[in-house]
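Everything below concerns the one structure shown next.
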Amino acid sequence: MMKRDECFRVLARHIKDEAVVATYSSAVDWVGINPRVLNYTSIGAMGLDSSHGLGLALGRPDRRVVVLQGDGSLLMNLGCLVTIAAVAPKNLVHFVAHNETYEANGGHPIPYPKVDFAGMARSAGYAAAYDFADLDAFTQEVAHVLEQDGPVFATLRVEPSKPLKYDYPSLYDPAKRKAFKAAWQA
Amino acid sequence: MNAGAARGDAKRQLSGGAIIAAMKASGIEYVLAVPDIVTSSGLLAPIAQDKELRLIRVCKEDECIGIASGLSYCDKRALILIQNTGFLDSLNAIRGIAVEYKQPICMMVGLLQHDPEVEPRASVRYGVHIIEPILDDMGIAHHVINADADVAKIQPAIEQAYRDSHPVAFLIAREPQAP
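If you read the sequences in order, they're chains A and B. What the first sequence shows, in the numbering used here, is residues 1090 to 1275, in sequence order. What the second sequence shows, in the numbering used here, is residues 316 to 494, in sequence order.
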């Protein structure tokens, strides 16, 4: 089992000018590790991070979009796997941090902790789907995951974190949304 | 046919082709849709064949709100084509993304089993008569599209939504005729 922040530190070494869509616990970890203008942390409804990412990918097919979703979020919007697979954006990489809990809402378990998200993505029709539980394996393959034609899906099997501080006013800051838009259109 | 009868007929006609033309004139490039029986043959079917619009079929209506938001950050315009039931199912996404984040989310909502001869607020269908009061409470601009004369409301409302970054809803109160 990996730690989410360790995975994100590995991921951060490979991120260049991609939009990174992140929510809740993943957003807190990611913004702490890699604060940058092209982080898109304003979501407004749990589960829709992957749909925001699809919109960004459709609107800028010349640039790549990385979604960092939680397992609870994906469960609230499972249909997005089919929608994304059908649209088939080559520039979308979809990570799910699978810690088996609704971490931002008290650490309660998701309904079926052993659910196979990568299997679902593969069955939905993603171009590729991975399931990582080992940091060394993730470190070795992350560049390939990010660079290949999408849509690409990857489960990151991680432990629940220690309690995080959720600074929602900062994550949802309108000034950051405006700055993101300017940078994304540049 | 006398003039009065002709005026009466005109009030009972809604052209799907005119609505699609208004979408295009508004700069809409993407239509995000879940099938709705009111708009199925008059709008969704011809849009699916239209080379100038890109139709994205989604599994559940709230996906549309996220996708449209993402597109708006790319200055791409989208219209969401759903049923009132899907609108109701998506209220939290509309609350968070469209209203609180002030995003230009443009929705076209078919009113299921609505009698077009009565105002939506007066509908005997509970799922219909609550729609406008909900939109009012949420502060979302909305327009009833019930006849060809109403189609002229679409372009200025979409232009304003994108100019001022706020949501707008068009309530399709009559089954549009296929082009």
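A virtual CB, placed ideally from N, CA and C, is assigned to each residue, including glycine. A quick note: this is a predicted structure, and the numbers were derived from the prediction, not measured.
For residue 1140/A, at least one C-beta of chain B is nearer than 8 Å to its own C-beta.
Here DSSP, grouped into helix, strand and coil, assigns residue 1249/A to coil.
Looking at 1113/A, 1095/A and 1108/A, the one whose alpha-carbon comes closest to that of residue 1192/A is 1113/A. For the 8 Å CB-CB criterion, residue 1272/A and residue 1241/A do not form a contact.
Per the DSSP secondary-structure output, residue 1109/A pairs in a beta bridge with 1128/A and 1155/A. Secondary structure of residue 453/B (DSSP, three-state): helix. Taking a contact to require three or more Cβ pairs closer than 8 Å, the region 463 to 474 of chain B and the region 330 to 338 of chain B qualify as touching.
Close to residue 1270/A, with beta-carbon spacing below 7 Å, are these residues of chain B in chain order: 388. As the crow flies, the alpha-carbon of residue 1244/A is around 10 Å from that of residue 1208/A.
At a cut-off of 8 Å, the C-beta of residue 1131/A has a neighbouring C-beta in chain B. By the CB criterion at 8 Å, residue 392/B and residue 344/B fall inside the cutoff. By the neighbour-count definition (other C-beta atoms within 10 Å, threshold 16), residue 375/B is a buried residue.
Secondary structure note for residue 441/B: its alpha helix (DSSP H) is the uninterrupted segment 441 to 444.
When beta bridges are read from the DSSP output, residue 1221/A appears opposite 1245/A. In the three-state scheme derived from DSSP, where H, G and I count as helix and E and B as strand, residue 1149/A is classed as coil. Proximity of chain A to residue 461/B at the Cβ level (cut-off 7 Å) is not reached, the minimal Cβ distance being about 31 Å. Within 10 angstroms of the beta-carbon of residue 1149/A lie 16 or more other beta-carbons, which makes it buried. For residue 396/B, there is no enclosing alpha helix (DSSP H); the enclosing beta strand (DSSP E) covers residues 392 to 398. DSSP places residue 1172/A in the helix class (H, G or I) of the three-state scheme. In this structure, residue 382/B and residue 1144/A form a Cβ contact; the two beta carbons are roughly 4 Å apart against a cut-off of 8 Å.
In the DSSP assignment, residue 344/B falls within the beta strand (DSSP E) that extends over 343 to 348. Contacts between residue 1166/A and chain B, judged by CB atoms closer than 9 Å, involve 374, 375, 377, 378 and 381 in chain order. Contact between the region 1212 to 1232 of chain A and the region 1147 to 1163 of chain A is absent: fewer than three C-beta pairs spanning the two stretches fall below 8 Å.
For residue 1137/A, the residues of chain B that pass the 9 Å Cβ criterion are 377, 378, 380, 381, 382, 384, 408, 411 and 412, in the order they occur in the chain.
In the displayed model, residue 1104/A falls within coil according to three-state DSSP, outside both helix and strand.
Classified as exposed, residue 390/B has fewer than 16 neighbouring CB atoms from the shown chains inside 10 Å of its CB. In terms of beta-carbon proximity, residue 1125/A stays away from the interface with chain B, with every pair separated by 8 Å or more. Per DSSP, reduced to three states, the secondary structure at residue 339/B is helical. For residue 1181/A, the enclosing beta strand (DSSP E) starts and ends at 1181 to 1187. Per the DSSP secondary-structure output, residue 371/B pairs in a beta bridge with 347/B. At a cut-off of 8 Å between C-beta atoms, residue 1211/A does not count as an interface residue with respect to chain B.
Shown in chain order are the members of the region 1101 to 1123 of chain A whose Cβ falls below 9 Å from a Cβ of chain B: 1108 and 1110.
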